[in-house]
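Numbering (our numbering), first residue to last: 3 to 210.
Think of the CB as a built atom: it goes at the ideal place given N, C-alpha and C, for glycine as much as any other residue.
Structure first, then comments.
Following this line, the structure appears as structure tokens:
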């Protein structure tokens, strides 16, 4: 990857993260990059951009915002399976297994917004449909069927081209996220980040 490709991809990645405002797995970031920026990249490309970003920091380059991995408590090692931004709050850059349902619900809300925009503009939402359906699969089926007035006892079939379906899924995701989210939990997860060096805060702790 040359310098121009690196700068293009890091800029695009920072943009989509600003839109989603939650850590994105590489496979999720690829969906956003293709749908929003028409950039088709591999997981390896994203891994390389993270490596180049850390190398740029090491070489003394200055950036307003850095493309970073997520941080995993309690020791805050990097989780390079995710992309985050350095200007986010520490709590928003943290990932852990127990908080994954919360992250996925937040992402589902954002993906639903992207699908709704495309439907309103009479554009095909296909670029987001697979990710939308995957994330929607975590919602309680009975709740989805009830709110969509679907026949009981049958498989729940969500139509990504039906704006009412998409908006309803978004509402359920918002309700489920509100039930899980806790400002105190966020504070506790991030406790100790402020004590790290700048490098460790950006790219994760490294054992000496």
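Cβ-Cβ separation between residue 86 and residue 137: approximately 19 Å, too far for a contact (criterion under 8 Å). Out of 76, 201, 176, 7, the CA that lies nearest to the CA of residue 63 is found in 201. Separation of residue 130 and residue 41 (C-alpha to C-alpha, rounded to the nearest whole angstrom) is 14 Å.
Burial is judged here by how many other beta carbons sit within 10 angstroms of a residue's own beta carbon; residue 60 has fewer than 16 and is exposed. Nearest in C-alpha terms to residue 69, of all of 84, 79, 76, 104, is 84.
Residue pairing from DSSP places residue 72 in a beta bridge opposite 81. In this structure the segment 49-59 does not touch the segment 177-185; the number of beta carbon pairs closer than 8 Å is below three.
Residue state for residue 125 is assigned as coil, using DSSP reduced to three classes. Distance from the Cα of residue 144 is smallest, within the candidate group 43, 203, 174, 194, for 174.
Residue 161 and residue 180 have their alpha carbons spaced roughly 25 Å apart. With contacts defined by Cβ atoms closer than 7 Å, residue 176 and residue 121 do not form a contacting pair.
Residue 108 sits buried, since 16 or more C-beta atoms from the chains shown fall within 10 Å of its C-beta.
Collapsing the DSSP output to three states places residue 160 in coil. Bounds of any alpha helix (DSSP H) do not take in residue 198, whose DSSP letter is neither H nor E. Pairing residue 197 with residue 97, the inter-Cα distance amounts to about 18 Å.
Just so you know, the alpha carbons of residue 208 and residue 79 end up roughly 7 Å apart. Under DSSP, residue 26 forms a beta bridge with 85. For residue 27, the closest of 76, 95, 141, 39 by C-alpha to C-alpha distance is 95. Non-local beta-carbon contacts of residue 117 in its own chain, meaning distances under 8 Å to residues more than five positions away in sequence, involve 127, 130, 131, 134, 162, 168 in chain order. In this model, residue 25 and residue 9 are separated by some 20 Å (Cα to Cα). With contacts defined as CB atoms closer than 7 Å, residue 88 and residue 204 qualify as a contacting pair.
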